[in-house]
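Notes to accompany the following structure.
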Amino acid sequence: MNQSIKRKSIRGIMFVLLIILVGAKSCIVRAQSAHNYTYYGYGLSLSVPQQTLSSNISQLNGLKVNLVGYNVGGMIANKYGKLKANIGSYYSGSSTPYEIDVLRGSISGHIYLLRLSKVKAHLFEPYAVLGMSQQVSKFYGNYLSNDPQNVSSSTSQPLLGKVNSTRMNVGAGVELQLENDFQKFIHVFAEVTYGAPLSSSASNSSFSQTKVMNAITFNLGVNFGIVKISR
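Set out below in structure tokens:
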């Protein structure tokens, strides 16, 4: 996938988020403390991961990689928190000198902090995040080539290798909880997570010592779906 197609994909996600956020204006908050309820829904978010590389390849060692992309997934939640499963696709921004694509799958648990002592619905719900993720980083370029004719200005750079990373993620966020009168919901959220590496493997010997170290991810998005209420 070339850069123009990737940028169009991001613009498409931004447009969908805008439509959902505009629709959220018609939603109202409803008090739920008297009922037991469960959310079943989907999530969509814009994502900005930032990560640092450690490598025996001089061009990559210490490189800070800024990525941009999107996440899609599903969720189930109740009064106390939620469980989310996401898959995300990201590509390196213009500030990164080499093309890097990332595909990430994750599962995470979210606990609403204001409801630990007393279950009461709030318009804004801060939450803590704990989860696991598996990501594949694809590295493109010509910096491993000894051929002087193989210049990095090529519009189609070869895939040099892949690095698989398993990470534990912790973080925090805040959720704007909106519902309408038809037992459907829209939750707008913003969150930040930090990922600590647990294990790493590479697709070839050239990248055997290349690892993703510090990783911070910023997400802005919406969760939407239906509410099942039991009295």
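23 is the number of the first residue of the sequence shown in my numbering; add one for each residue after it.
Virtual Cβ for every residue (Gly too), placed ideally from N, Cα, C.
Determine the extent of the beta strand (DSSP E) in which Gly63 is found, giving its start and end residues. Annotation: the continuous beta strand (DSSP E) that includes Gly63 extends over 58–76.
Could you give the C-beta distance for Leu75 and Leu89, rounded to a whole number, given that I count them as a contact under 8 Å? With a Cβ gap of about 12 Å, Leu75 and Leu89 do not count as contacting.
Name the DSSP beta bridge partners of Ser222, please? Note: Ser222 sits in a beta bridge opposite Ser187.
Neighbourhood of Gln72 by C-beta, 6 Å cutoff - its chain only, sequence neighbours within 5 removed: Here the set comprises Asn88, Ile238.
Using a Cβ-Cβ cutoff of less than 7 Å, which residues in the same chain neighbour Asn226 once the five nearest sequence positions on both sides are dropped? In the same chain as Asn226, and ignoring 5 residues on each side of it, the C-beta atoms closer than 7 Å to its own belong to Gly183, in chain order.
Cα-Cα separation between Leu145 and Val94, rounded to whole angstroms: Taken atom to atom, the span from the alpha-carbon of Leu145 to that of Val94 is near 24 Å.
Would you mind giving the Cβ-Cβ distance between Ser77 and Gln231, rounded to the nearest angstrom? I have them listed as a contact below 8 Å. The distance from the Cβ of Ser77 to that of Gln231 is about 6 Å, consistent with a contact at the 8 Å cut-off.
Nearest to Asn83 (by Cα), restricted to the options Tyr120, Tyr62, Ser111: Across the set Tyr120, Tyr62, Ser111, the C-alpha of Tyr120 shows the shortest separation from the C-alpha of Asn83.
Tell me the rounded alpha-carbon separation between Gly63 and Gly96. If you take the alpha carbons of Gly63 and Gly96, they lie about 6 Å apart.
When Leu242, Glu197, Thr215, Gly195 are compared against Ser128, the one with the closest alpha-carbon: The option with the nearest alpha carbon to Ser128 is Thr215.
Rounded to whole angstroms, what is the Cα-Cα separation between Asn186 and Ser69? Going by the C-alpha atoms only, they are around 19 Å apart.
What three-state label does DSSP hand Ser80 in the structure shown? Correct three-state label for Ser80: coil.
Coil, strand or helix - Leu200 by DSSP: In this structure, Leu200 counts as strand in the three-state DSSP scheme.
Could you pull out every residue in the same chain whose Cβ sits closer than 6 Å to the Cβ of Tyr267, ignoring the five residues on either side in sequence? One cannot answer for residue 267 here, as it falls past the ends of the chain, which runs 23 to 253.
In this structure, how does DSSP classify Leu242 when only helix, strand and coil are distinguished? Of the three classes helix, strand and coil, the one that applies to Leu242 here is strand, per DSSP.
How would you write the range of the beta strand (DSSP E) that Leu16 sits in, first residue to last? Because the chain in this structure spans residues 23 to 253, residue 16 falls outside the shown range and cannot be described.
Beta strand (DSSP E) segment containing Ser139, residue limits: Here Ser139 belongs to no beta strand (DSSP E), and DSSP marks it neither H nor E.
Thinking C-alpha only, which one of Ile208, Phe240, Phe229, Ala218 is nearest Ile248? Closest by alpha carbon: Ile208.
Any idea if Lys233 is buried or exposed, counting beta-carbon neighbours within 10 angstroms, 16 or more meaning buried? It is buried - the Cβ of Lys233 has at least 16 other Cβ atoms within 10 Å.
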